[in-house]
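**Q** One structure coming up, written as structure tokens, with questions to follow.
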Amino acid sequence: YITGQDFICMMEDYCDVYRQFSRGLTSYYENWTKRIQHQNTLCSYNTTKRAQLNTIKIAKELATIEDRRIQNIQQVINKYKQIVNDTYISSRIGLHQHRRTKEFKKQFKEAYQILNECKTKLDDFKNELKKAQDELRKADSACEIVFSNFQTTDKVRTRATETQTKRRDNVKKINDQISLFEDKHQQAKKTYRHKAKAIFYECQKEEEHRLDLIKDTLSDFCQAIKIDEQADLDKIYTNLAHHIQTKQNSFDDLMFWAQCYGVIDQINTHDDLSTSITKTSTIKKQLTIVEEPSIIGSPIMTKKSDKKVQEQIYPAIPNDIEEEETTKTKITKKNNKSVNSKQKTAETTESNTANILASV
1 YITGQDFICM MEDYCDVYRQ FSRGLTSYYE NWTKRIQHQN TLCSYNTTKR
51 AQLNTIKIAK ELATIEDRRI QNIQQVINKY KQIVNDTYIS SRIGLHQHRR
101 TKEFKKQFKE AYQILNECKT KLDDFKNELK KAQDELRKAD SACEIVFSNF
151 QTTDKVRTRA TETQTKRRDN VKKINDQISL FEDKHQQAKK TYRHKAKAIF
201 YECQKEEEHR LDLIKDTLSD FCQAIKIDEQ ADLDKIYTNL AHHIQTKQNS
251 FDDLMFWAQC YGVIDQINTH DDLSTSITKT STIKKQLTIV EEPSIIGSPI
301 MTKKSDKKVQ EQIYPAIPND IEEEETTKTK ITKKNNKSVN SKQKTAETTE
351 SNTANILASV
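For the record, in the sequence shown the residue sitting at position 271 is 271 according to UniProt numbering, with numbers rising by one throughout.
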């Protein structure tokens with residue numbers, strides 16, 4: 001029973017590991033979802049925020065899978081626990097014993113009873129033999145004394161001889177009885193061994209059933225630990241990676257950011273700012289190319305040679321810069337026209353917005 005209880009505790013402790021993991025995933029999902037949602041909405045964080053929230057949402061889906069795993073493990077534990085409770089019943093002193101313990105004890109007691117009776121009688125006869133032999137030695141000694149004394153009468157000698165003969169017959173009788181009960185004792189041993197072997201086979205069956213039950217329970221336990229939804233789990237990660245690659249758009253977030261602060265108009269200025277941002281990013285990518293000397297000790301190029309190399313590498317940059325300046329000038333003119341037409345209250349609001357933008 002104690003072994004069964006230890007086995008149950010082992011499985012329950014293992015289940016608690018997954019239970020704590022599931023609670024941790026749920027807590028992680030709730031805490032970080034609230035934290036992300038409570039962030040400042042006036043920032044370039046729109047599709048990127050959704051991608052991050054979807055990543056956090058995986059924790060909730062994993063917790064659901066872990067809960068199913070915990071359910072399966074708990075079913076295995078409950079099944080084994082029910083079998084143990086049915087097999088081991090409570091005794092009067094509060095302990096638990098196998099339901100067939102009394103039956104086996106009774107069978108062993110009955111089988112051993114005949115052997116024990118023969119053994120007890122044999123021991124009694126051996127004790128009687130010892131006493132009879134002592135009495136015979138005394139009778140032999142008395143008879144020797146009587147016959148060595150010439151003054152003793154025939155009557156005394158006859159009595160001593162009869163006593164000696166009687167003691168000798170008693171010893172012989174006890175020896176015969178001992179021989180008889182020794183044969184019975186050997187037969188009782190064989191009978192007991194045969195019955196004990198049959199009882200032991202029954203005990204072996206119960207023990208084999210107990211060990212097979214542990215083996216089957218371990219197999220069910222391992223099967224319960226295994227995730228049947230492995231394909232679904234892989235699909236979750238695949239869909240998330242695809243969502244991040246396709247749905248997260250940094251340019252859309254920048255447009256959202258600019259619209260929130262009133263930097264651009266959703267309809268009119270969107271295309272102009274889009275072109276400006278695209279060209280600026282192109283220029284930055286081109287300017288990040290740096291040619292390093294192939295040999296550490298090679299001489300450094302002069303400024304004139306640098307200019308020539310730059311002209312060869314970046315022939316399109318001046319035109320792009322001019323176009324960018326032209327775009328910025330157009331945007332500035334439009335903004336100046338809108339500023340002159342607004343009232344003083346609108347100017348105050350725009351200045352506050354500009355201060356917030358500057359702080360960001």
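Glycine residues also receive a C-beta, built at the ideal position from the N, C-alpha and C atoms.
Owing to the predicted nature of the structure, the values given are computational and were not obtained by experimental measurement.
Name the one or two DSSP bridge partners that GLN37 has.
**A** In the DSSP output, where bridge partners are listed per residue, GLN37 has none listed.
**Q** Where ILE236 and HIS96 are concerned, what is the direct C-alpha to C-alpha distance, given to the nearest angstrom?
**A** Straight-line Cα distance between these residues: approximately 49 Å.
**Q** Could you spell out the range, first to last residue, of the alpha helix (DSSP H) harbouring TYR192?
**A** Counting along the chain, the alpha helix (DSSP H) containing TYR192 begins and ends at 154-225.
**Q** Skipping 5 residues on each side, what residues in its chain have a beta carbon closer than 8 Å to that of HIS243?
**A** ALA51 and ASN54.
**Q** Along the beta strand (DSSP E) that carries TYR88, what are the first and last residues, could you check?
**A** Unbroken beta strand (DSSP E) run through TYR88: 88-90.
**Q** Going by DSSP, name the residue or residues bridged to GLN97.
**A** GLN97 pairs with ILE89.
**Q** Taking 8 Å as the limit between beta carbons, can you name the residues of its chain near ILE70, skipping five residues before and five after?
**A** So the list reads CYS15, TYR18, ARG19 and SER22, once near-sequence residues are dropped.
**Q** My understanding is that ARG100 touches LEU136, with C-beta atoms under 8 Å, so please give their C-beta distance in whole angstroms.
**A** Between LEU136 and ARG100 the Cβ distance is about 53 Å, and since that is not below 8 Å, they are no contact.
**Q** How many Å lie between GLN177 and THR152 at the Cα?
**A** Looking at the two C-alpha atoms, the distance is approximately 37 Å.
**Q** For ALA224 versus ASN72, is the C-beta distance shorter than 8 Å?
**A** Yes; because the gap between Cβ atoms is below 8 Å, this pair is in contact.
**Q** Please report how far the alpha carbon of ALA142 lies from the alpha carbon of SER148, in whole angstroms.
**A** Taking the straight line from one Cα to the other gives about 10 Å.
**Q** When you compare the CB positions of LYS49 and ILE65, do they come within less than 8 Å of one another, or not?
**A** Their beta carbons are not under 8 Å apart, which means LYS49 does not touch ILE65 by this criterion.
**Q** Going by DSSP, what residue range makes up the alpha helix (DSSP H) through PHE256?
**A** Start and end: 250-260.
**Q** For ALA354, does the count of other Cβ atoms within 10 angstroms reach 16, so buried, or fall short, so exposed?
**A** Because ALA354 carries a pLDDT of 48, less than 50, the predicted location of this residue cannot be relied on, and the following value inherits that uncertainty. Flag for ALA354 reads exposed.
**Q** Quick check on DSSP: helix, strand or coil for TYR1?
**A** The answer is coil: DSSP assigns TYR1 none of H, G, I, E or B.
**Q** Identify whether ILE264 lies in helix, strand or coil by the three-state DSSP scheme.
**A** In this structure, ILE264 counts as coil in the three-state DSSP scheme.
**Q** Apply the 10 Å Cβ neighbour rule to PHE251 and answer buried if 16 or more other Cβ atoms are within range, or exposed otherwise.
**A** Answer is exposed; the Cβ neighbour count stays below 16.
**Q** Whole-angstrom Cβ separation of TYR29 and ILE56, contact assumed at under 8 Å?
**A** Right, the Cβ-Cβ distance comes to about 6 Å (below 8 Å), so this counts as a contact.
**Q** Return yes when the Cβ of ILE199 is within less than 8 Å of the Cβ of PHE104, no when it is not.
**A** Their beta carbons are under 8 Å apart, which means PHE104 touches ILE199 by this criterion.
**Q** Have a look at GLN113 and LEU122 and give me their C-alpha separation to the nearest angstrom.
**A** The alpha-carbon atoms of GLN113 and LEU122 are separated by roughly 14 Å.
**Q** Use the C-beta contact count for ALA258: other C-beta atoms within 10 angstroms, 16 or more gives buried, fewer gives exposed.
**A** Classification of ALA258: buried, given that the 10 Å Cβ count is 16 or more.
**Q** So is GLN164 buried or exposed if we call it buried at 16+ other beta carbons inside 10 Å?
**A** The residue is buried, with at least 16 neighbouring Cβ atoms inside 10 Å.
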